[in-house]
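Report on one structure; see the data block that follows.
4 protein chains.
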Amino acid sequence: MKASIDFTVNRIETFSDGVFAIVVTLLVFDLHFPHINNPTNENVWAAIVATLPKLLSWINSFLVVCVIWMNHHRFMQQVKSFDFGLFWMNNLLLLFTSLLPFPTKLLGEYPGNNAATFFYGLCMFLPTVIFSLMGVYLIRHVQLLKGIPNHNIVVKVARLRGFYAPVIYLIGAGLSWVNNWLAIGVYTIISIYFIFPRTKLTTD
Amino acid sequence: MKASIDFTVNRIETFSDGVFAIVVTLLVFDLHFPHINNPTNENVWAAIVATLPKLLSWINSFLVVCVIWMNHHRFMQQVKSFDFGLFWMNNLLLLFTSLLPFPTKLLGEYPGNNAATFFYGLCMFLPTVIFSLMGVYLIRHVQLLKGIPNHNIVVKVARLRGFYAPVIYLIGAGLSWVNNWLAIGVYTIISIYFIFPRTKLTTD
Amino acid sequence: MKASIDFTVNRIETFSDGVFAIVVTLLVFDLHFPHINNPTNENVWAAIVATLPKLLSWINSFLVVCVIWMNHHRFMQQVKSFDFGLFWMNNLLLLFTSLLPFPTKLLGEYPGNNAATFFYGLCMFLPTVIFSLMGVYLIRHVQLLKGIPNHNIVVKVARLRGFYAPVIYLIGAGLSWVNNWLAIGVYTIISIYFIFPRTKLTTD
Amino acid sequence: MKASIDFTVNRIETFSDGVFAIVVTLLVFDLHFPHINNPTNENVWAAIVATLPKLLSWINSFLVVCVIWMNHHRFMQQVKSFDFGLFWMNNLLLLFTSLLPFPTKLLGEYPGNNAATFFYGLCMFLPTVIFSLMGVYLIRHVQLLKGIPNHNIVVKVARLRGFYAPVIYLIGAGLSWVNNWLAIGVYTIISIYFIFPRTKLTTD
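Protein chains in written order, with this note's numbering: chain A, 1 to 204; chain B, 1001 to 1204; chain C, 2001 to 2204; chain D, 3001 to 3204.
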């Protein structure tokens, strides 16, 4: 019984890892290069330089997926078993993560466009909301957790994790209608901020 | 001998998981975005809104592949070893699952088209038929099963699993020639219905 | 020391499985659908029917990659450890396997073309040659094998495996300059023939 | 505690393996084939022959990713655990590795172009630099290493590994402005050189 449950968590983990690895790798395949009619050194070099906004949009999305992977990894270390609710929330997380190449491509193609910037922020907001909900769900179904959780700390930390990231992404997305580059600045700050380790969910 | 057999099941599982993870992730790469000659905020936003049928077609296929993965996972938990028949049925299941991005793209591109809707239903029907056949095969080759199966229950449940989904998909596909949106409604109901857990194949 | 060697074989296996799973899944992404200016039911249905040669080419390549995976799986069950020679032969096998979507796309696009049919056969020939060479290599480096191999049987069987498939593919490729459909018939027969189990490399 | 750390290394390894397998496989999907208006045998065959520069660029990148995978594999065999620094350096390595299809496509499309050749060398240079930095990092954080490292040998070997490859790639990239084919010759020599085993990082 125990072995069977562990196995389930392992397969969900493998499946999720597969999705994350594919998303992160395939982001680069939207770095399309324009066809150059007269491919002199200057023209090809100019075309390479012109892909710079796409490259930056790609790097940002790459780092965001790495952060999602890192948090998912940390999340899974707390989880002993999955019920159907958590399984489908995890699938929703994968769904929204696998959507990310779409807004990334859009932002890279229309780098100064407010609608593209807003849509990018909105799509970044969705997985963070699901992540928050997964944290809340876990606290309400403590039987899915490994070990005996210290209730006070779990709730407190979960609240922090649960509301910061989505709220800042929403603010960033809203700001994109005011000033495009301000919004992109906010997105970049979130990416850099989340790269560094934060308070752990565990108390050990 | 025993270890070698377990290993085989593990590798088939890993291979299948890889295929499912790739299919589910790559669905998004057919969300192509039209080139906008005059990328004002209004035009880009209108183009984003215009991708809505593609997004819905994508979400539905994503959930269907997750359901296939879930059922495959449950199926594999019953299986002790693979013979050549089951191995090639599993490959056919992967073949039809990996076809799904093709009708999804088609339905997303021609959302009001009866032929596209019919083809989508037909392609959804194929993996469910294979799944049913795999269930029937397993019952006729009980030596491939883990533990001692309760014959009566296995047969009864397998029948339920084996005929419901394909028949409903066929009905949905047929309805697409009568009314396009009726068929899409049937497909959506199947997706939602299969998300929720059903009677288990096991009796433990 | 022993654990480290086993681990290496496992990672090469995982890496190879990943490549096979990706190749098999991505074959479908070359099933491009023509843009239809007037998407009536008749036109869309006609376009679906017109993709039939592509679908058949896709199914054949899918089955071939499954056969390669099956043989690779069986091959790996004999192997205890990898040296640099075998490691790079395995990489060459992956290289030629990952090339297969390219001739598949070509054959699907120009189904009655002799050059496309010849190139398809040539690309199918390459992984079978590498496989044969891997078999020969293993027999000349018996220290890489699990257990104590019965030299006579191993050599005899390896010869059979080592020359049949590539020779038939070469004949098929050559025939494509005489008659296109004759060559495709030969390819199909090889696919069907190799689906069924053959003499095992092991003697247990 | 011990188990949890091992597990982390395993998941980072699985995630990295996934990225490498996807990059290596997807390289072939940029082997686009021109649409032929009059697909006679001669025209199709001429188009196949015309893809030869793309095929060579693809083979070279395939072998480079295999070399990166091999070195990563060897690197991971030394590592006992990951801290945040090493985790993000590994992510940067994956980022630059997953970029490789982009310059490969460019070099294959503009085979005689100096800018394309320079950019290819630059993109090959980036993962080798990160690899060197990861080696240096590991030597400065010996607590992450398995076993007791012999300090003198580790430093000496790491220096060799750490500066050779990036410097040669930089020279190759620089030469591309002098003579395009000279640079490609240098890249090819590096690929072939690194295929063969070198001094090991370990002393056992």
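Even for Gly, the Cβ is constructed at its ideal location relative to N, Cα and C.
Proximal residues to residue i (C-beta, below 8 Å), its chain only, five neighbours per side dropped
| i | result |
| --- | --- |
| Asp17/A | Trp69 |
| Val3019/D | Leu3094, Thr3097 and Ser3098 |
| Thr2128/C | Ala2165, Pro2166 and Tyr2169 |
| Ile3005/D | With a pLDDT of only 40 at Ile3005/D, under the threshold of 50, the placement of this residue in the model should not be trusted, and no figure is reported. |
Same chain, Cβ closer than 7 Å to residue i, five either side skipped, listed in chain order
| i | result |
| --- | --- |
| Gly2112/C | Asn2180 |
| Leu95/A | none |
| Ile3195/D | Leu3063 and Val3067 |
| Pro3053/D | Gly3108 and Pro3111 |
Under 8 Å by beta carbon: chain C residues contacting residue i
| i | result |
| --- | --- |
| Arg1011/B | Glu2013, Asp2017 and His2073 |
| Pro1101/B | Val2028 and Phe2029 |
| Leu1175/B | In chain order: nothing, as chain C lies at least about 14 Å away. |
| Val3178/D | Result: empty, since nearest Cβ-Cβ is about 31 Å, beyond 8 Å. |
| Ile3059/D | Leu2095 |
Residue i, buried or exposed, once every other Cβ within 10 Å from all chains shown has been counted against 16
| i | result |
| --- | --- |
| Val65/A | buried |
| Tyr120/A | buried |
| Ile2130/C | buried |
| Ala2046/C | exposed |
| Leu3138/D | buried |
| Phe1118/B | buried |
| Thr3025/D | buried |
| Ile189/A | exposed |
| Val3067/D | buried |
| Asn1037/B | exposed |
| Ala3021/D | buried |
| His1141/B | exposed |
| Leu1027/B | buried |
Chain-ordered chain B contacts of residue i [CB-CB under 7 Å]
| i | result |
| --- | --- |
| Asn2041/C | Asn1113, Asn1114 and Ala1115 |
| Lys206/A | The first residue shown for chain A is 1 and the last is 204, placing residue 206/A beyond what the model contains. |
Listed by chain order, chain B residues near residue i by CB distance under 8 Å
| i | result |
| --- | --- |
| Cys2123/C | Residues of chain B passing the Cβ test: none, with the nearest at roughly 20 Å. |
| Tyr110/A | Ile1036, Pro1039 and Val1044 |
Amino acids of chain C, ordered along the chain, whose beta-carbon sits closer than 9 Å to that of residue i
| i | result |
| --- | --- |
| Phe3020/D | Phe2015 and Gly2018 |
| Phe1119/B | Val2044, Trp2045 and Ile2048 |
| Ile3184/D | Those within 9 Å of Ile3184/D in chain C number zero; the least Cβ separation is about 19 Å. |
Pair within 9 Å by beta-carbon distance, residue i and residue j
| i | j | result |
| --- | --- | --- |
| Asn3114/D | Ser3176/D | yes |
| Val1023/B | Leu1100/B | yes |
| Val2044/C | Ala1183/B | no |
| Met124/A | Tyr193/A | no |
| Tyr187/A | Gly172/A | yes |
| Asn3091/D | Leu63/A | yes |
| Phe2029/C | Phe1029/B | yes |
| His73/A | Thr3008/D | yes |
Under 8 Å from the C-beta of residue i: neighbouring residues of chain D
| i | result |
| --- | --- |
| Ser2098/C | Val3024, Thr3025, Leu3027, Val3028 and Phe3062 |
Cβ-heavy atom distance, residue i to the ligand PLP, below 8 Å
| i | result |
| --- | --- |
| Thr188/A | Annotation note on the ligand PLP: not contained in the displayed structure, which lists no ligands. |
Under 9 Å from the C-beta of residue i: neighbouring residues of chain D
| i | result |
| --- | --- |
| Trp88/A | Result: empty, since nearest Cβ-Cβ is about 22 Å, beyond 9 Å. |
Beta-carbon contacts of residue i that lie in its chain and below 6 Å, excluding the five residues immediately before and after
| i | result |
| --- | --- |
| Gly2185/C | none |
| Tyr3110/D | Ala3116 |
| Ser1057/B | Thr1104, Leu1107 and Gly1108 |
Cross-chain neighbours of residue i in chain B, by beta carbon under 9 Å
| i | result |
| --- | --- |
| Leu93/A | Here the premise fails: no neighbours, minimum Cβ distance about 11 Å. |
| Tyr207/A | Nothing can be reported for residue 207/A, as the shown portion of chain A is limited to 1 through 204. |
Cross-chain neighbours of residue i in chain C, by beta carbon under 7 Å
| i | result |
| --- | --- |
| Ile3195/D | Trp2088 |
Chain-ordered chain A contacts of residue i [CB-CB under 8 Å]
| i | result |
| --- | --- |
| Ile1190/B | What Ile1190/B touches in chain A: nothing, since even the nearest Cβ is about 16 Å away. |
Proximal chain A residues relative to residue i, where beta-carbon distance stays under 7 Å
| i | result |
| --- | --- |
| Trp1069/B | Phe15 |
CB contact below 9 Å: residue i versus chain E
| i | result |
| --- | --- |
| Thr1051/B | No chain E is part of this structure, whose protein chains are labelled A, B, C and D. |
TODO: Answer yes if the stretch 1072 to 1089 of chain B comes into contact with the stretch 1012 to 1026 of chain B, meaning at least three C-beta pairs across the two stretches below 8 Å, and no otherwise.
DONE: yes
Open item on the list: Under 8 Å, with one C-beta from each stretch per pair, do the stretch 73 to 80 of chain A and the stretch 136 to 147 of chain A reach the 3-pair mark?
Closed with: yes
- [ ] Report yes or no: do the stretch 100 to 108 of chain A and the stretch 1027 to 1038 of chain B share at least 3 C-beta pairs separated by less than 8 Å?
- [x] Using a Cβ-Cβ distance cut-off of 8 Å, the stretch 100 to 108 of chain A and the stretch 1027 to 1038 of chain B are in contact, since at least three pairs of beta carbons, one from each stretch, lie closer than that value.
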